[in-house]
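Order-wise, the sequence lines are chains A and B.
The working numbering applies: residue 1 is where the first sequence begins, and numbers increase by one.
The working numbering applies: residue 1001 is where the second sequence begins, and numbers increase by one.
Report on the structure given below.
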Amino acid sequence: MSDTVLKTPEHTIPKAFTRAQLDWLPWLEPLGVDALTPRHVASLVDAARVKSPYFRLLARDPDALEARTRTDKDIFYNPDAGLPRAERELAAAATSRFNGCLYCASVHARHAATYSKREDDVQRLLDAGVTAELGERWNAIVAASVALTATPSSFGPEHVERLRRAGLDDLAISDVIHAAAFFNWANRLMLSLGEPATTAG
Amino acid sequence: MPGTDADVIDALVGITPGSPLDAIRARRPEARAHAQATYRALFAPEDLGNVTAQERFAVGTFVAGLHGATAVAAAYAARLADSGVPTALKDAVDAAIKEARTHGPYGSYTPGPLSREDTPGPVYRMEAATRGALGARLAAAFEHTHMLVFHPRDAAPAALQALLEAGWTTTDIVTLSQIVAFLSFQIRVVAGLRTLAGRP
Chain A
1 MSDTVLKTPE HTIPKAFTRA QLDWLPWLEP LGVDALTPRH VASLVDAARV KSPYFRLLAR
61 DPDALEARTR TDKDIFYNPD AGLPRAEREL AAAATSRFNG CLYCASVHAR HAATYSKRED
121 DVQRLLDAGV TAELGERWNA IVAASVALTA TPSSFGPEHV ERLRRAGLDD LAISDVIHAA
181 AFFNWANRLM LSLGEPATTA G
Chain B
1001 MPGTDADVID ALVGITPGSP LDAIRARRPE ARAHAQATYR ALFAPEDLGN VTAQERFAVG
1061 TFVAGLHGAT AVAAAYAARL ADSGVPTALK DAVDAAIKEA RTHGPYGSYT PGPLSREDTP
1121 GPVYRMEAAT RGALGARLAA AFEHTHMLVF HPRDAAPAAL QALLEAGWTT TDIVTLSQIV
1181 AFLSFQIRVV AGLRTLAGRP
């Protein structure tokens, strides 16, 4: 019976934001690996995602999942100018920190640290939160992401001006907007359909 | 709102061909195309499954209304009206927006060091008259939607149980969650790009 809330296996809930690898345990039944049709598999975009309970749960609405994933990939991976990858990841991590999504924050803080080589600054964002002092350019990106994440949004011309003063052109500012906006999508799915768990070992 | 083929974000931002924002969006062509494809998948899918067009547009209107995104809310409300809902239901959606609006994000963490960041805020319980007009299934969806919009870190299995009991299947809940989460993206892209273009 798939229309029931799942009981998660015994696990350790992370108590702080971390860059460590976390697990994610679904609260609703993902599609079984054996039950996936070719349409479901195509909606995962990356074949390796067949192992992910999160993506197999979202595959219940395959058209929405596939379009979500292709939107995600272009916002974060498109190499054509704009905001450097590290700072797109910073916007994702800051949004996730502000919304309170430990799982999303862990993944994107890890990416931000990897691409920027600024592990201490990324960790300060996780530990102290979105008001952490990270240097003006990163502060401007975090402040813009947070303002856009507030509901209702408090993003205004002053955020655009601050980003311009920090050296971002309009394509880069558009990348900040899209990265933060996308994580308002991702955080809500991750937070509400399951929960993070500290990985064993 | 334009039909399902015209780009919704372009329309809501007011992007015209050849404008600076048109050029910027063209640099991320997959994101532009698939944000629109997501809109189609959620609001004009080939197969609606168990979630009616009226339910989809009612939730869309509610999400945009909760964000105070007037133009976006008006666009979804127009599509809700097009879907042939009775006036009483449209009025109930407006009433729910007025009842439920607040400021987010707030919520609580699992007890521990992060508890010092816990921020209190309301849990939305719909007023009886509004619930009566919307019906139990849509009322449950709206209460869940309010949590997703304003305090998603309070999400818990009990919230999903409430949806199941109101007649939402597991697959319906995935679609409902995508509608709310996608709108949370679309509304922010529209707000951000309008600000970037110097529009109010």
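Just so it is clear, CB atoms sit at the ideal spot from N, CA and C, and this is done for glycine as well.
Item	Value
Among B:His1103, B:Ile1015 and B:Leu1176, the one whose alpha carbon lies nearest that of Tyr1124 of chain B	B:His1103
Cβ of Phe182 of chain A within 9 angstroms of any chain B Cβ	yes
Neighbour flag for Ala16 of chain A against chain B, beta carbons, 9 angstroms	yes
Cβ-heavy atom distance, His1067 of chain B to the ligand SAH, below 8 angstroms	This structure does not include the ligand SAH; it has no bound ligands of any sort.
Separation of Leu193 of chain A from Ala1158 of chain B, as counted between CA atoms	11 angstroms
Contact belief for Arg1101 of chain B with Leu1134 of chain B at Cβ below 8 angstroms, rounded distance in angstroms	Not a contact, Cβ separation roughly 17 angstroms.
Classification of Lys1090 of chain B by the beta-carbon crowding that lies within 10 angstroms, buried from 16 upward	buried
Touch test, the region 1008-1015 of chain B against the region 33-52 of chain A, Cβ-Cβ under 8 angstroms, three pairs minimum	no
Per-residue contacts from Leu171 of chain A into chain B (C-beta, under 9 angstroms)	Ala1023, Ile1024, Arg1027 and Arg1028
Chain B within 9 angstroms of Leu58 of chain A, Cβ atoms only	yes
C-alpha distance - Leu269 of chain A paired with Ser116 of chain A, whole-angstrom precision	Outside the displayed span of chain A (1 to 201) sits residue 269 of chain A, for which this structure offers no information.
Ala1128 of chain B beta carbon less than 9 angstroms from that of Glu1165 of chain B	no
Assigned secondary structure, Pro1111 of chain B (DSSP; H/G/I helix, E/B strand, else coil)	coil
Contact with chain E by Asp120 of chain A, beta-carbon distance below 9 angstroms	This model lacks chain E altogether, as its protein chains are A and B.
Segment contact flag, the region 54-69 of chain A with the region 1170-1179 of chain B, C-beta cutoff 8 angstroms, min 3 pairs	yes
Min CB distance Glu66 of chain A to chain B below 9 angstroms	yes
Cβ neighbour criterion (16 or more within 10 Å) applied to Arg1188 of chain B	buried
Alpha-carbon to alpha-carbon, Gln1036 of chain B and Met1008 of chain B	The residue you asked about is not Met; residue 1008 of chain B is Val in the sequence shown. Roughly 7 angstroms separates the two Cα atoms.
Positions along the region 66-98 of chain A whose CB lies within less than 9 angstroms of some CB in chain B	Glu66, Ala67, Arg68, Thr69, Arg70, Thr71, Asp72, Lys73, Asp74, Ile75, Asn78, Asp80, Ala81, Gly82 and Phe98
Length-filtered (4 minimum) alpha helix (DSSP H) runs lying within the region 77-113 of chain A	85-99
Beta-carbon gap between Ala207 of chain A and Val122 of chain A smaller than 9 angstroms	With chain A covering only 1 through 201, there is no way to say anything about residue 207 of chain A.
Ile1187 of chain B in three-state terms, based on DSSP	helix
Distance between beta carbons of Leu126 of chain A and Arg97 of chain A, contact taken as under 8 angstroms	7 angstroms
Segment contact, 8 angstroms Cβ cut-off, at least three pairs: the region 70-88 of chain A with the region 1018-1035 of chain B	yes
Top-ranked residue by Cα proximity to Leu1048 of chain B, from B:Tyr1109, B:His1034, B:Asp1172 and B:Leu1183	B:Asp1172
Burial state of Val142 of chain A, where buried means 16 or more other Cβ atoms lie within 10 Å	buried
Among B:Thr1195, B:Met1147 and B:Gly1132, nearest to Ala1162 of chain B - alpha-carbon criterion	B:Met1147
Nearest neighbour of Ala16 of chain A, chosen from B:Glu1143, B:Glu1117 and B:Val1190 [CA to CA]	B:Glu1117
Cβ distance (whole Å) where Ala180 of chain A is taken to contact Thr149 of chain A below 8 angstroms	6 angstroms
Whole-Å CB distance - Ile177 of chain A paired with Leu1021 of chain B, under 8 angstroms assumed	Going by Cβ atoms, the distance from Ile177 of chain A to Leu1021 of chain B rounds to 11 angstroms, so no, they are not a contact pair.
Alpha-carbon to alpha-carbon, Val1059 of chain B and Gly1167 of chain B	16 angstroms
C-alpha gap between Leu31 of chain A and Gly1121 of chain B, whole angstroms	35 angstroms
Simplified DSSP state of Thr1119 of chain B, which is helix, strand or coil	strand
Cα-Cα separation between Thr4 of chain A and Leu28 of chain A, rounded to whole angstroms	7 angstroms
Whole-angstrom distance between Ala1156 of chain B and Leu90 of chain A, CA atom to CA atom	27 angstroms
Opposing strand residues paired with Trp24 of chain A [DSSP bridges]	A:Pro196
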